[in-house]
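Trainee:
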Amino acid sequence: MTTHVLISGASIAGPVLAHCLLSYGYAVTVVEKAPQLRPGGQAVDIRGPGKEVLRRIDLDTQVRASRTQTQGMSLVDKDNKERAQLRADMFDGDGPIAEIEILRGDLASVLYEATKDRADYLFDDQIVSIEQTQDKAVVLFSSGRRDSFDIVIGADGLHSGVRSLVFGPEQRYVHDLGFLTGLFTVPNHLKLDSWMLGYVEPNCSAGIRSIRNNHEAMAAISIRGDRSDYDHRDVASQKALLRKQTGHMAWEVPWLLDQMDGADDFYFDSCSQVHMPTWSAGRIALLGDAAFCPSPTSGQGTTLAIVGAYILAGELTRADGNHATAFARYETRMRDYVTATQKMGADNAKHLIPQSHFTIWLQQQMFRALPHLPGKSLMMRKTLRTINGIDLPDYRELLLEPRT
Ligand SMILES: Cc1cc2nc3c(=O)[nH]c(=O)nc-3n(C[C@H](O)[C@H](O)[C@H](O)COP(=O)(O)OP(=O)(O)OC[C@H]3O[C@@H](n4cnc5c(N)ncnc54)[C@H](O)[C@@H]3O)c2cc1C
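All letters in the sequence shown, in the order written, are residues -10 to 393 by our numbering.
(1) Say whether the segment 28 to 40 touches the segment 125 to 136, bearing in mind that this needs 3 or more beta-carbon pairs closer than 8 Å, one atom from each stretch.
(2) Counting beta carbon pairs with one atom in the segment 141 to 155 and one in the segment 265 to 282, are three or more of them shorter than 8 Å?
(3) Is glycine 290 close to ligand 1? I mean its beta-carbon at under 6 Å from any heavy atom of the ligand.
(4) Report yes if the C-beta of serine 0 is less than 6 Å from at least one heavy atom of ligand 1; otherwise report no.
(5) Do three or more CB pairs link the segment 332 to 347 to the segment 280 to 296 at distances below 8 Å?
(6) What three-state label does DSSP hand methionine 207 in the structure shown?
(7) Under a three-way DSSP split, which group does alanine 338 fall into?
(8) DSSP on aspartate 49, reduced to helix/strand/coil?
(9) Determine the closest residue to methionine 207 out of Asp215, Arg213, Arg216, Ile197, with distance taken between C-alpha atoms.
(10) Flag tyrosine 110 as yes when its Cβ comes closer than 6 Å to any non-hydrogen atom of ligand 1, and as no otherwise.
(11) With burial defined as no fewer than 16 other Cβ atoms inside 10 Å of the residue's Cβ, what is the status of threonine 174: buried or exposed?
(12) At the level of alpha carbons, what is the spacing between alanine 108 and glycine 61?
(13) Are the segment -5 to 3 and the segment 14 to 31 touching by the rule of at least three beta carbon pairs closer than 8 Å?
(14) In this structure, what does DSSP give as the bridge partners for alanine 16?
(15) Between the Cα of glycine 288 and the Cα atoms of Pro243, Ile119, Thr372, which residue gives the shortest distance?
(16) Decide if lysine 22 is buried, meaning its Cβ has at least 16 other Cβ atoms within 10 Å, or exposed.
(17) Is glutamine 121 helix, strand or coil by DSSP?
(18) Among residues of its own chain, excluding the 5 on either side of glutamine 121, which ones have a beta-carbon nearer than 6 Å to its beta-carbon?
(19) Return the Cβ separation of leucine 100 and proline 85 in integer angstroms, given the expectation that the two are a contact with Cβ distance under 8 Å.
(20) When you compare the CB positions of valine 263 and valine 151, do they come within less than 7 Å of one another, or not?
(21) Which same chain residues end up closer than 6 Å to arginine 93 when comparing Cβ atoms and leaving out the 5 residues on each side of it in sequence?
(22) Quick one: is arginine 392 buried, meaning 16 or more other Cβ sit within 10 Å of its Cβ, or exposed?
(23) Quick one, which of His204, Tyr219, Phe347, Pro158 has its alpha-carbon nearest threonine 170's?
(24) Under 8 Å: do the segment 304 to 312 and the segment 49 to 65 share three or more Cβ pairs, one atom per stretch?
(25) What do you get for alanine 358, buried or exposed, if any count of 16 or more other CB atoms within 10 angstroms of its CB means buried?
(26) Closest to serine 183 by CA distance: which of Thr59, Arg322, Gly14, Phe316 is it?
(27) Tell me which same chain residues have a C-beta within less than 7 Å of the C-beta of asparagine 177, skipping the five on either side of it?
(28) Measure from the alpha carbon of leucine 10 to the alpha carbon of each residue in Ala103, Ser194, Asp325, Thr314, then state which is nearest.
(29) Do leucine 147 and aspartate 254 have their C-beta atoms closer together than 7 Å?
(30) In whole angstroms, what is the alpha-carbon distance linking methionine 368 and aspartate 247?
(31) Would aspartate 259 and aspartate 215 qualify as a contact pair, given that the criterion is a beta-carbon distance under 7 Å?
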């Protein structure tokens, strides 16, 4: 009999898992709280093993076709004068500007297109309760629908509903790294050509990058703070908080703040990590940011989500219906990789928003030195080791139809 898996969350981890499971012969339902695929978000990076998974699951071409094609970034001063520059082709395409960099919303669209005809997508709905019996998970949705599934996977992000229902409140698992970021689309008024600009003042930073063939730009503003400083349902108060803390900034920030008021794809969240002692309970498991968010400062949230989905689907299929074995193997294969990535994310967070003019100057010197160091610097070599720190199992023998 076909195994039926319910996945909560239609962003990155959920649809990649759906795609893998469908290719192994599962029936898949994906439930998403938003009324449609959510737009928004900055560019996310796919590095090392994430790129390899995309090749193995035949999504490489589609994802590459939607890349931002950002060539690099400049750190600028208040007069827009370049102080340091990093190029995308440094570090084999896995450096600070990754070779595969794609707007989160665009990546979600590619993944949705690849799965929408084979999986059952339920938008504007969410799980309100899950009851586990001997051989099923019985799920009640907010729409009133009740259904039973063999497996339920929470791929519903940092503020996961499945995690709250099954493992307890968010406060137990979500750890803030001390700053908040707002992201939104703006006109490309600086005529940036596949380029990104970053500007830093003590305790706050702003950036603008051109997107969609330079027709538009994406703005990012970061400030110090944590989840207790705002209400995650109240967009107006989030915008007000950003304005209050960055209203004094120079450069393009006053213009960005004006644009922010009219932005309809405004996304705001804390820079946080999720630490959990285990990622499963019975027939239910967590995946992606819901289980092990490494924070945007690691640059690896999307790669972890893609790799985790590939491994979870492979292990579920190899265990042939024994979900306990599958979940244990998934965790064993992923755990060290996740721990090292989270450490990198926490370390990076310490330096991301300098607190004084002196540390801003130091940051600029470090960026300037990076391209000229002989070979790869020690720091970058360590970063690349972390990024590539997992062996990907080969699950080709499980495919219903061999890939070409
Ligand atoms: C709108 C948005 C913008 C983002 N922007 C950035 C960014 O700029 N930089 C960055 O590094 N990371 C960003 N992220 C996070 C990034 O996508 C993840 O770190 C990474 O790709 C892992 O993805 P994920 O699928 O595990 O989680 P997410 O991408 O967070 O996706 C979770 C999905 O679950 C849905 N969901 C939430 N709760 C429920 C529920 N109770 N029931 C059903 N569905 C639910 C959400 O609407 C979302 O579609 C963003 C996420 C979102 C949702």
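All C-beta atoms, glycine included, are put in the ideal place defined by N, C-alpha and C.
Mentor: Looking at the coordinates:
(1) Short answer: they don't touch.
(2) Verdict: yes, contact present.
(3) As a first step, residue 290 is located in the sequence shown; it is residue number 301 there, counting from the start. Result yes, Cβ under 6 Å from ligand 1.
(4) What you label residue 0 is simply residue 11 of the sequence shown in a count that begins at 1. Inclusion of serine 0 in the 6 Å shell around ligand 1 follows from its C-beta lying nearer than that to a non-hydrogen atom of the ligand.
(5) They touch, by the three-pair rule.
(6) Along the sequence shown, read from residue 1 onward, the residue named residue 207 stands at position 218. DSSP places methionine 207 in strand when its eight states are reduced to three.
(7) Locating residue 338 in the sequence shown gives position 349, counting from the first residue. Helix.
(8) Numbered from its first residue, the sequence shown carries residue 49 at position 60. Secondary structure of aspartate 49 (DSSP, three-state): helix.
(9) Residue mapping note: residue 207 aligns to position 218 of the sequence shown, counting from 1. Of the listed residues, the one whose Cα sits closest to methionine 207 is Ile197.
(10) In the sequence shown, the residue the question calls residue 110 occupies position 121. Tyrosine 110: no, Cβ never under 6 Å from ligand 1.
(11) In the sequence shown, counting from the first residue as 1, residue 174 sits at position 185. Taking a 10 Å sphere around the C-beta of threonine 174, we find 16 or more other C-beta atoms and assign the residue as buried.
(12) Residue mapping note: residue 108 aligns to position 119 of the sequence shown, counting from 1. Residue mapping note: residue 61 aligns to position 72 of the sequence shown, counting from 1. If you take the alpha carbons of alanine 108 and glycine 61, they lie about 37 Å apart.
(13) Verdict: yes, contact present.
(14) Within the sequence shown, numbered from 1, the residue matching residue 16 stands at position 27. Under DSSP, alanine 16 forms a beta bridge with His(-7).
(15) Working through the sequence shown from its first residue, we reach residue 288 at position 299. Of Pro243, Ile119, Thr372, the residue nearest in Cα terms is Thr372.
(16) Reading the sequence shown from its first residue, position 33 is the one you call residue 22. By the 10 Å Cβ count, lysine 22 comes out buried.
(17) On the sequence shown, residue 121 is found 132 positions in, with the first residue counted as 1. Assignment of glutamine 121 by DSSP, reduced to helix, strand and coil, places it in the strand class.
(18) As a working mapping, residue 121 is identified with position 132 in the sequence shown. Result list for glutamine 121: Gly271, Arg272, in chain order.
(19) What you label residue 100 is simply residue 111 of the sequence shown in a count that begins at 1. What you label residue 85 is simply residue 96 of the sequence shown in a count that begins at 1. Incorrect: roughly 25 Å between the Cβ atoms, too far for contact.
(20) On the sequence shown, position 274 is the one that residue 263 refers to. On the sequence shown, position 162 is the one that residue 151 refers to. By the CB criterion at 7 Å, valine 263 and valine 151 fall outside the cutoff.
(21) If you number the sequence shown from 1, residue 93 lands on position 104. Residues of the same chain with a CB within less than 6 Å of the CB of arginine 93, apart from the 5 flanking positions on each side, are Gly30, Val33 in chain order.
(22) Translated into positions along the sequence shown, residue 392 becomes position 403. Arginine 392 is classed as exposed because its beta carbon has fewer than 16 other beta carbons within 10 Å across all chains shown.
(23) Sequence index remark: in the sequence shown, residue 170 carries index 181 (1-based). Nearest to threonine 170 by alpha-carbon distance, out of His204, Tyr219, Phe347, Pro158, is Tyr219.
(24) In short, these stretches do not touch, since the Cβ pair count stays below three.
(25) Within the sequence shown, the letter at position 369 stands for residue 358. It counts as exposed.
(26) Numbered from its first residue, the sequence shown carries residue 183 at position 194. With distances taken between Cα atoms, serine 183 lies closest to Thr59.
(27) The residue labelled residue 177 in the question sits at position 188 within the sequence shown. Ser199, Asn203, His204, Glu205, Ala206, listed in sequence order.
(28) Walking along the sequence shown from the start, residue 10 turns up at place 21. For leucine 10, the nearest C-alpha among the options comes from Ala103.
(29) Within the sequence shown, the letter at position 158 stands for residue 147. Within the sequence shown, the letter at position 265 stands for residue 254. If you check the CB distance, leucine 147 and aspartate 254 do not come in under 7 Å.
(30) Locating residue 368 in the sequence shown gives position 379, where the first residue counts as 1. Locating residue 247 in the sequence shown gives position 258, where the first residue counts as 1. Spanning the alpha carbons of methionine 368 and aspartate 247 requires a straight line of approximately 38 Å.
(31) Indexing the sequence shown from 1 puts residue 259 at position 270. Indexing the sequence shown from 1 puts residue 215 at position 226. Sequence inspection shows serine at residue 259; the aspartate mentioned does not correspond to that position. Result yes, Cβ atoms of serine 259 and aspartate 215 sit closer than 7 Å.
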